[in-house]
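> Residue numbers (the working numbering), protein chains in the order written: chain A, 336 to 518; chain B, 1312 to 1496.
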Amino acid sequence: MQKITLFEIYKIFFLIGIQLLGGGYVILPLLQKYLVEERKWLTEEELIDYFAVSQCIPGIIAGNIAMFSGYKARKSLGALTAILGLITPSFFAIIILANILINFTDNIYVQKAFWGIRISVIVLILITVKEMWSKSVNSKFTYILFFIILLLLILLPVSPAIIIIISALTALLYSKIGEKKNA
Amino acid sequence: MLKLYFLLYYEFFKIGIFAIGGGYATLPFLYFLQSKYNWFSLDELTNMIAVSNITPGPIGINMATYTGYTTAGILGSVITTTAIITAPFITAVIIMKLINKFKSCREINYIFKGLRPASCALLISIGLKLLYQTITFTKEDWSFPVQFDYHAIILFIILILPFSFMKKRPLLVILAGAIFGIILK
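Here it is in structure tokens:
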């Protein structure tokens, strides 16, 4: 296979970045089209593997898949190029939008609209939880863990990082104990 | 100023490590940053979430860019954006070197059993706090309500009822919120 240039990687992920609207999962069909079908940099199976692993490691899913795909093409430099390409369009979009917003914050209609959007955001958060629920909280152990953490969060100002570490360790410990019992 | 840049990098590097899953996983961290440093107001945080939803690109990274920009201008946004992808970049490179071993790692699956309910609890607690603050006009977490914002309660019901039955459509929810906001408030 001909060597893929870094510029080409940047270009493709820049294009994908522009089209990435509405959450990370949208990157899958885009990669399918650009990388698997049109350019054949990846196979279907590789893409599915990357997706599975992306969910289990730190970072945002779309960014992780992009870095895996970039790595496949040109190792570490390819991964770096892919993520930079992916975030360039949104970086500038955000800066421009932030500037526009600053100029309109005194406008009464903009203020009213953002008052409403604040409630939209609350609704979006709750809907996100609803969609995660059946895959997340579905056994005695997960129910107990969920309610203990929720109680902890409502009563104390705990850092999310601490919550993540504690629940990871608890789950690991719980599973190890279960394994021993069954053995 | 230098200290602020350093702090920004440090905090967003941490978010890059601990925010596992979709873009919304970064939300609890931003909310925590808000209460810890006051780099931006709660209202600004809500605006950031809305703007990140309607701009192309991964939501979590968008929120990092926006937060950095609000806190410390262009340089701030470069710092937070770089910081949030540092740890994932290192992890991605390491994982690609051992991808076949990683796929069958049982411990990782165990850990995820605990992380998912934790993410649910983190997000719900933020949703509830924001809701409580909005409908009671308070800025404190759980201060005793003096009065209620009935318009906010009505709008919440208008939005949550239809949208909880369909697939998530962030753009539509935000648009509806903006329109009803102008009509109701």
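Glycine included, C-beta positions come from ideal geometry on N, C-alpha and C.
1) Can you pull out the residues from the region 381-401 of chain A whose beta carbon lies closer than 8 Å to at least one beta carbon of chain B?
2) What separation, rounded to the nearest whole angstrom, lies between the Cα atoms of I1464/B and I1471/B?
3) Assuming K516/A is part of the alpha helix (DSSP H), what are its boundary residues?
4) Starting from the C-beta of I1468/B, find all residues in its chain whose C-beta is less than 7 Å away, skip the five residues before and the five after it, and write them out in chain order.
5) Pick helix, strand or coil for I1331/B, following the three-state DSSP scheme.
6) Less than 8 Å between CB atoms is the rule here; does Y1348/B satisfy it with respect to chain A?
7) Start and end of the alpha helix (DSSP H) containing V456/A?
8) Buried or exposed for N399/A, please, with buried defined as at least 16 other CB atoms from any protein chain shown within 10 angstroms of its CB.
9) Can you find a C-beta in chain A that's less than 8 Å from the C-beta of L1386/B?
10) Alpha carbons only, please: which of K375/A, V361/A, Q446/A is nearest the one belonging to G1368/B?
11) So if I threshold CB-CB distances at 7 Å, which residues from the region 1415-1434 of chain B count as touching chain A?
12) Pick out whichever of T1393/B, S1388/B, F1340/B has its Cα sitting closest to the Cα of F427/A.
13) Does I457/A get closer than 8 Å to chain B when you measure Cβ to Cβ?
14) For I429/A and L356/A, what's the separation of their Cα atoms in angstroms?
15) Which parts of the region 1434-1477 of chain B are runs of the alpha helix (DSSP H), unbroken and 4 residues or longer, counting only runs that do not cross its ends?
16) With distances taken from CA atoms, which of P495/A, S510/A, K515/A, E514/A is nearest I1331/B?
17) Do P1428/B and S471/A have their C-beta atoms within less than 8 Å of each other?
18) Between which two residues does the alpha helix (DSSP H) holding R409/A run?
19) What's the gap between the Cα of A1432/B and the Cα of F348/A?
20) Since G352/A is in the alpha helix (DSSP H), which residue starts that stretch and which ends it?
21) Find the nearest neighbour of I1372/B within the set A1336/B, T1357/B, N1358/B, judged by alpha-carbon distance.
22) What residue from I452/A, T340/A, A414/A, I499/A has the CA that sits closest to F1423/B's CA?
23) Please identify, using Cβ separations under 9 Å, the residues of the region 1315-1337 of chain B that lie next to chain A, in order along the chain.
24) What residues of chain A sit near S1475/B, judged by a beta carbon separation below 7 Å?
25) In whole angstroms, what separates the C-alpha of F1459/B from that of T1392/B?
26) Got a sec? Which residues, its chain only, sit under 7 Å from A1383/B by beta carbon, not counting five neighbours each side?
27) Could you check where the alpha helix (DSSP H) with K475/A kicks off and where it finishes?
28) Cα-Cα, which of I351/A, I431/A, I452/A is closest to E1355/B?
29) Could you tell me which of V371/A, T463/A, A433/A sits nearest to G405/A, measuring between CA atoms?
30) Per DSSP, which one or two residues make a beta bridge with P1305/B?
31) Please confirm if R409/A has its CB atom under 8 Å from at least one CB of chain B.
32) For F1400/B versus L382/A, is the C-beta distance shorter than 8 Å?
33) Given this structure, state the Cα-to-Cα distance separating I1437/B from F1448/B, to the nearest angstrom.
34) What residue from A1394/B, G1425/B, L1426/B, Y1377/B has the CA that sits closest to Y434/A's CA?
35) Which residues of the region 442-457 of chain A have a Cβ closer than 7 Å to any Cβ of chain B? Give them in chain order.
36) Would you verify that the beta carbon of K470/A is, or is not, closer than 8 Å to some beta carbon of chain B?
This is what the structure holds:
1) D384, A387, V388, Q390, C391, I392, P393, G394, I395, I396, A397, G398, N399
2) Whole-angstrom Cα-Cα distance: 11 Å.
3) 495-517
4) none
5) strand
6) no
7) 443-471
8) buried
9) no
10) V361/A
11) E1418, I1419, Y1421, I1422, F1423, K1424, G1425, L1426, R1427, P1428, A1429, S1430, C1431, A1432, L1433, L1434
12) For the options T1393/B, S1388/B, F1340/B, the alpha carbon positioned closest to that of F427/A is the one of S1388/B.
13) Answer yes: the Cβ-Cβ gap between I457/A and chain B drops below 8 Å somewhere.
14) 13 Å
15) 1461-1474
16) P495/A
17) yes
18) 396-439
19) 34 Å
20) 341-354
21) Ranked by Cα distance from I1372/B, the options A1336/B, T1357/B, N1358/B are led by A1336/B.
22) I499/A
23) Of all residues in the region 1315-1337 of chain B, only K1325, I1326, G1327, I1328, F1329, A1330, I1331, G1332, G1333, G1334, Y1335, A1336, T1337 place a beta-carbon less than 9 Å from a beta-carbon of chain A.
24) Per Cβ cutoff of 7 Å: I462, K465.
25) Their backbone Cα atoms lie some 38 Å apart in a straight line.
26) L1315, Y1316, L1319
27) Boundaries of the alpha helix (DSSP H) around K475/A: 475-490.
28) I452/A
29) V371/A
30) There is no way to answer for residue 1305/B, as the model of chain B reaches only from 1312 to 1496.
31) no
32) no
33) 16 Å
34) Checking the sequence, you will find Asn at residue 434/A rather than Tyr. Per the Cα distances, Y1377/B.
35) Y444, K447, A448, F449, W450, G451, I452, R453, I454, S455, V456, I457
36) Among the residues facing chain B, K470/A is included, as its CB has a counterpart in that chain under 8 Å away.
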